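Heads up, the thing below is written out as structure tokens.
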Amino acid sequence: MDANDKKQALRMIPYGLYVLTGESADQQVAASTVNWVTQASFEPPLVAVGVKADSGAHSIIKESKNFALNILGKGQDAMAFSFFKPVEREGNTIAGQPFSSGQSGAPLLDNAHAFVECKLVETVEIGDHSLFVGEVVNAGLSGEVEGRPDDTTLVLRDLGEKTFYGG
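Using the working numbering, you'd call the opening residue of the sequence shown number 1 and step up by one each time.
As structure tokens, then:
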């Protein structure tokens with residue numbers, strides 16, 4: 001297999017951008033930009049997210065058994081970039097972004113366009129990422145959605161020609 005062909009082919013899969021959040025029992029928070037996300041079931045409503053196995057988010061989600069996906073919207077490029085690196089909680093902000101605790105305890109970013117809170121129901125640990133499957137237990141929007149909901153989501157290609165993940 002040609003390594004470059006493999007990389008380019010895998011990069012052709014479109015990705016939305018989300019900030020994955022979680023909080024441990026000792027109030028340590030995880031918040032990182034992720035893009036390997038998909039809805040996995042209608043009933044019960046399930047989402048699956050790929051999380052780097054050596055990340056802080058991975059250990060917090062495994063411990064807490066909850067997570068939230070904060071869905072970023074068009075124009076929130078700076079927010080996506082701010083969660084590409086490790087971040088710290090400062091009061092009720094993470095990376096300068098205000099948040100509140102959701103029903104599950106996971107942080108919900110006040111400025112995200114939408115969120116889904118999930119209860120962890122399955123983990124597949126293989127490769128350098130684990131697949132977390134969560135049942136949606138709560139969801140919300142920051143405002144009215146006009147047009148197609150998926151047209152409002154910030155996608156990886158919106159971050160520019162040189163920003164990739166995967167392959």
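No residue lacks a Cβ here, since even glycine has one placed at the ideal position from N, Cα and C. These figures come from a predicted structure and were not determined experimentally.
query                                                                                                                                                                : result
To the nearest angstrom, how far is it from the Cα of G160 to the Cα of Q8?                                                                                          : 16 Å
Pick out the complete alpha helix (DSSP H) segments inside the region 26–75, 4 residues or longer, and give them in chain order.                                     : 56–64
Just to confirm my understanding: we take L152, look at its own chain, exclude 5 residues before and 5 after, and list those with CB closer than 7 Å. What are they? : Note that residue 152 is Thr in the sequence shown here, rather than Leu. Excluding positions up to five away in sequence, the list reads G73, K74, H113 and V145.
Whole angstroms are fine: how far does the CA of D2 sit from the CA of F83?                                                                                          : 32 Å
So A80 packs on L154, CB below 8 Å; how close in whole Å?                                                                                                            : 6 Å
Quick one, are the C-beta atoms of G22 and P149 less than 9 Å apart?                                                                                                 : no
Can you give me the start and stop residues for the alpha helix (DSSP H) that F81 sits inside?                                                                       : D77 to S82
When the Cα atoms are used, what is the spatial distance from I94 to S101?                                                                                           : 12 Å
Tell me, which residues are paired with T21 by DSSP?                                                                                                                 : A31 and A68
Identify every residue that forms a DSSP beta bridge with N138.                                                                                                      : E117
Can you name the residues that DSSP bridges to P98?                                                                                                                  : T93
Along the chain, where does the alpha helix (DSSP H) that runs through A10 open and close?                                                                           : Per the sequence presented here, residue 10 reads as Leu, with Ala not at that position. Run containing L10: A3 to L10, per the alpha helix (DSSP H) assignment.
If I follow the unbroken beta strand (DSSP E) through P248, where does it start and stop?                                                                            : Residue 248 lies beyond the residue range present for the chain, which begins at 1 and ends at 167; the question has no answer from this structure.
Look at the Cβ atom of F132, then the Cβ atom of E117, and state whether they are nearer than 9 Å.                                                                   : no
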